[in-house]
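In UniProt numbering, the protein residues as written are 1 to 195.
Where is the CB? At the ideal position from N, CA and C, for every residue including glycine.
A short worksheet on the structure shown next.
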Ligand SMILES: [Cu+2]
């Protein structure tokens, strides 16, 4: 009986009857290949006020890389910067919009914190390892997602309405798209990026 209920539930979920207002889709380059690490987001929700999450976001440094490479957050979110390598790492940004961002240099195990208070695309660098690079995308709404290896994304639980859907990628450009989020179910959007 429980199995029957579960399978019925999953049927409804698959058909989008349970969770309302999702945007699903793919970010592609011309020719159809999926693009990973693109941020797809709703730029503005008229009248929307969003509190930053109580839990911090995390950016790790491991095997001489920032993980994740691209981290979208809601404005006001605090990010914990970790070091899980046996070498010194640093975190700084050459960009103006996050404010003076240089967390110094620290060893494995320490955690440095920074709160991002303005919408901004923040380039994150390490002055010990010039090849290390990451991006923190500070957004005005919590309705965002990063694409996976196949270019897939899902933005969940959006209040129904008409919005402008935007896409950011470190190298590629895409056009804004008008999207209508339904009261129930999902709307499917493919975004094509170009150089
Ligand atoms: Cu480093």
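Limits of the beta strand (DSSP E) - the one that residue 160 falls within: Against the chain shown, residue 160 aligns to sequence position 160. Counting along the chain, residue 160 falls outside any beta strand (DSSP E), and DSSP gives it neither H nor E.
Near ligand 1: residue 89 beta-carbon under 7 Å from a heavy atom: Here residue 89 corresponds to residue number 89 of the chain shown, with the count starting at 1. At least one heavy atom of ligand 1 is nearer than 7 Å to the Cβ of residue 89, so yes.
Residue 59 Cβ short of 7 Å to ligand 1 heavy atom set: Along the chain shown, read from residue 1 onward, the residue named residue 59 stands at position 59. For ligand 1, not one heavy atom lies less than 7 Å from the Cβ of residue 59.
Where residue 53 falls, given that 16 or more other Cβ within 10 Å makes a residue buried: Against the chain shown, residue 53 aligns to sequence position 53. Flag for residue 53 reads exposed.
Residues near residue 105 by beta carbon distance below 6 Å, same chain, minus five either side: Here residue 105 corresponds to residue number 105 of the chain shown, with the count starting at 1. The residues are 88, 90.
Of the residues 136, 167, 109, the one placed nearest residue 27, counting alpha carbons only: Here residue 27 corresponds to residue number 27 of the chain shown, with the count starting at 1. Among 136, 167, 109, the Cα nearest to that of residue 27 is on 167.
Spatially closest choice to residue 64 from 125, 111, 114, by CA coordinates: Sequence index remark: in the chain shown, residue 64 carries index 64 (1-based). Closest by alpha carbon: 125.
Cβ pair count under 8 Å reaching 3, the stretch 125-137 against the stretch 148-162: no
Closest by C-alpha distance to residue 194, when choosing among 183, 184, 37, 172: Here residue 194 refers to the residue found at position 194 when the chain shown is read from its first residue. Minimum Cα distance to residue 194 is reached at 172.
Spatially closest choice to residue 169 from 46, 72, 48, 67, by CA coordinates: In the chain shown, residue 169 corresponds to position 169, counting from 1. With distances taken between Cα atoms, residue 169 lies closest to 72.
DSSP-derived helix/strand/coil call for residue 126: Sequence index remark: in the chain shown, residue 126 carries index 126 (1-based). Residue 126: coil per DSSP, three-state reduction.
Heavy atom of ligand 3 within 7 Å of residue 129 beta-carbon: This structure does not include ligand 3; its bound ligands are ligand 1.
Cβ-Cβ distance between residue 70 and residue 146 below 8 Å: Taking the first residue of the chain shown as position 1, residue 70 is located at position 70. Taking the first residue of the chain shown as position 1, residue 146 is located at position 146. Going by C-beta atoms, residue 70 is nearer than 8 Å to residue 146.
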